[in-house]
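Shown next, in structure tokens, is the structure this report addresses.
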Amino acid sequence: MPTTPHIEQHFTATATVRDVVIGMSDGLTVPFALAAGLSGAAAATNIVVTAGLAEIAAGSIAMGLGGYLAARTDAEHYAAEQAREQQEIVDVPQQEEEEVAQVFREYGLGDDQIGPVVAAIRADRRRWVDFMMRFELGLEAPDPARARQSALTIALSYIAGGLIPLAPYILLHSLSTALWVSVGLTLTALLIFGYVKAHFTGLNPLRGAVQTVLIGGLAAATAFAIARLIG
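Residue 178 in our numbering sits at position 168 of the sequence shown; the count goes up by one each step and never skips.
Structure follows, in structure tokens:
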């Protein structure tokens, strides 16, 4: 009797998606709020464009550097904990064996079942350390290229997001027209971005889209209102 193969589909690119979300969300909202605020102060379009491009350049560098340092910190933390575990299996092997056994007890295994498993894990020191890193500390070995990839992904996502609200000011000469086109374009982009982000992260897409639009719209409206009051 033919059977249909069971194929599990899981979304695994969480780190990359997180970087895109960080870069794109800030890239859409910060330049959008800046441009709206300058428009509220009745600045000329060339001033808005100049300030917007400067902000995108500075923001992408700062965000990319932040992503790089965060990934480097994760890697350094993993290396430090790995060195500590390697030393502990030399200094206190019985205690480390008991910690391995405790992991399996939490899954309902008895001591007669646990004994051979613990002996097999202990036989390979590298496997023993990897087991402790994953199941005792909940740490996965980081990708050595993760820091550079994270920095590049966040920076490029920030630039891509930032150019969307700024594009109308680059292409149009009327400040008021550029403002409203930017509002419409950015809110649409936020809506799509929020929907796609929620879809890939397993949340309600419609709720994610609405939340993203509200956050971006609130930031821009606040900047615009403050600029109006000051101006």
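Glycine is no exception: its CB is placed at the ideal position from the N, C-alpha and C atoms.
Helix, strand or coil at residue i according to DSSP, with G and I counted as helix
i	result
Ala-25	helix
Asp-140	helix
Asn-56	helix
Ser-242	With the chain running from 11 to 241 in the structure shown, residue 242 is simply not present.
Ser-184	coil
Ala-204	One point to set straight first is that residue 204 is Gly, not Ala, in the sequence displayed. Looking at Gly-204 - three-state DSSP - the assignment turns out to be helix.
Tyr-117	coil
Gly-212	coil
His-20	Legend: pLDDT at His-20 = 44, less than 50; position of this residue unreliable, value from coordinates given subsequently. Three-state result, His-20: coil.
Val-102	coil
Ile-236	helix
Glu-109	helix
Cβ-based neighbour list, residue i, same chain, cut-off 7 Å, excluding 5 preceding and 5 following
i	result
Glu-98	Glu-106
Val-127	Phe-114
His-209	Pro-215
Val-58	Ala-45, Leu-48, Ser-49, Tyr-179
Val-30	Thr-163, Ser-167
Glu-91	Met-143, Leu-147, Leu-149
Met-26	First, the amino acid is wrong: residue 26 is Thr here, not Met. Excluding sequence neighbours, Thr-26 sits near Thr-163.
Ala-199	Leu-38, Ile-174
Proximity below 8 Å, CB of residue i to CB of residue j
i	j	result
Ile-71	Ile-164	no
Leu-75	Ala-157	no
Phe-234	Ala-61	no
Pro-41	Ala-85	no
Leu-182	Ala-188	yes
Tyr-88	Leu-149	yes
Gly-218	Tyr-205	yes
Phe-203	Thr-232	no
Ala-54	Leu-185	yes
Cβ-based neighbour list, residue i, same chain, cut-off 6 Å, excluding 5 preceding and 5 following
i	result
Ala-229	Thr-39, Ala-43
Val-191	Pro-178
Ile-236	none
Chain-order list of residues whose beta-carbon lies under 8 Å from that of residue i (same chain, five-residue window excluded)
i	result
His-16	Note that His-16 has pLDDT 43, beneath the 50 cutoff, so the model's placement of it is unreliable and the number below is only indicative. If we look at His-16 and ignore the five residues flanking it on each side, it has no Cβ neighbours.
Ile-66	Gly-37, Pro-41, Tyr-168, Ile-169, Gly-172, Leu-173, Leu-176
Tyr-117	none
Ile-131	Val-110, Arg-137, Trp-138, Phe-141
Gln-123	Phe-114
Does the segment 163-175 touch the segment 37-45, meaning 3 or more C-beta pairs lie closer than 8 Å? Contact between the segment 37-45 and the segment 163-175 is established, with three or more Cβ pairs separated by less than 8 Å.
Does the segment 133-149 come close enough to the segment 105-124 that 3 or more CB-CB pairs lie under 8 Å? Touching, yes, given that three or more Cβ pairs across the two stretches are closer than 8 Å.
Write down every uninterrupted run of the beta strand (DSSP E) in the segment 123-180 whose length is 3 residues or greater and which is fully enclosed by it, in chain order. Runs of the beta strand (DSSP E) inside the segment 123-180: none found.
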